Amino acid sequence: MKMKQILILGAGMSGLCAARQLKSAGFEPILVDKGRGVGGRMATRRFEGGTFDHGAQFFTARSEEFRALVEEWRESNIAVEWFAGYPSPQNDKPSDAHPRFRGESGMTGIAKWLARDLTVHLGEEIERLSFQNGRWTAFSRSGNSFEGDELLLTAPVPQSLTLLRNSGIELRESLQNTLGSLSYEPCFAVMANLDGPSQIPPPGALYVNGETVWWLADNFQKGISPREGSVTVHSSGAWATAHYEEPQNEVGAALLEAAAPFLGAPVESFEVRRWRYSKPENPVEMGSFRLRSINLSFAGDIFQGAKIEGAALSGLAAARKLIS
């Protein structure tokens, strides 16, 4: 008997966790992503001797289900604890008992481990969808097509809604309005190699929480970069919104100038990454959503809180609905 195929668009945390759960239940998950690698915002980049986590910086584990996953990752040596609390310049943020974890080799390493032995098609930007005779087909810009008995969309909701609309697939008005109201804030990430160690205090994490700079990380202290002074700078969402269309070199220079008091060494080189859908602004607590009438599901961190943990739990919730 042929296994039921589940077509999953997006190979980030939600898609990967859903796929692993589905595969263990005897389904055939097929992941398709437009990126060059898996992980989505769990992104690690290397250049000029430095290694940088430039998307999601860490994750917590507050639910029993996700703690079990993290423990498996730790036992497999792909995740380790980084720090606890909220290190800030004034040390005025309340501490808490929740450890912050990171990928042992970078955040992408966790995604790569989850993707092992899964069917993943990378570099495939889906332009159109078709639902006929109870099956979905996704057509990519490259000319390839991918099919499934069910379709799970894990990309940021605005992208998924645009794809459905461009494919002539209409959702009922109330659902369209609900999903259409979900929004995300953008972020700029600057990856900078310094000419010497940074002045970011141990453990190499700092919540600046400023109008321009929101977060700083020293990837050498973090334990993923072999080069001292490999720094990640994240902008605030408001600043990224105001400057999103400006040239990347100008954006990078402005953020590095604002971060200069914490850097402590001249910048030798830098790169900039735009994250249009960095963080959900108004997440809902529903796990995932499924339209049984057309075999269509949605998952992502916006359906379970704006965290890596929420993305994983949403993917698992979507898989359970498909299995049941």
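In this text, residue positions in the sequence shown follow my numbering: the first is 4, and each later residue adds one. Glycine included, every Cβ here is placed at the ideal spot set by N, Cα and C. Every value quoted in this text rests on a predicted model; they were computed, and no experiment measured them.
Under the criterion of a Cβ to heavy atom distance below 8 Å, does Ala22 qualify as lining the ligand GDP? The model on display carries no ligand, and the ligand GDP is accordingly not part of it.
In this structure, how does DSSP classify Lys324 when only helix, strand and coil are distinguished? helix
Using beta-carbon positions only, say whether Asn196 and Glu75 come within less than 9 Å of one another. no
Could you tell me if His57 is buried or exposed, where buried requires 16 or more neighbouring beta carbons within 10 angstroms of its beta carbon? buried
CA nearest to the CA of Gly15, picked from Leu34, Arg277, Leu299: Leu34
Exposed unless 16 or more other CB atoms sit within 10 angstroms - verdict on Ile297: exposed
DSSP beta-bridge partners for Val254? Its beta-bridge partners do not exist; DSSP assigns none.
For Met194, the residue or residues it bridges with in DSSP: Thr235, Glu274
Taking a contact to mean a Cβ-Cβ separation below 9 Å, would you say Val216 touches Val234 in this structure? no
At 3 residues or longer, what runs of the beta strand (DSSP E) sit wholly inside the segment 44-88? 47-50, 53-56, 82-87
Could you have a look at Pro102 and say whether DSSP puts it in helix, strand or coil? strand
Reduced DSSP secondary structure (H/G/I, E/B, other) of Ser296: helix
Pro250 burial status per 10 Å Cβ neighbour count (16 or more: buried): exposed
Looking only at its chain, what residues have a beta carbon closer than 7 Å to the beta carbon of Ser143, apart from the 5 residues adjacent to it on each side? Glu127, Glu128, Ile129, Glu130
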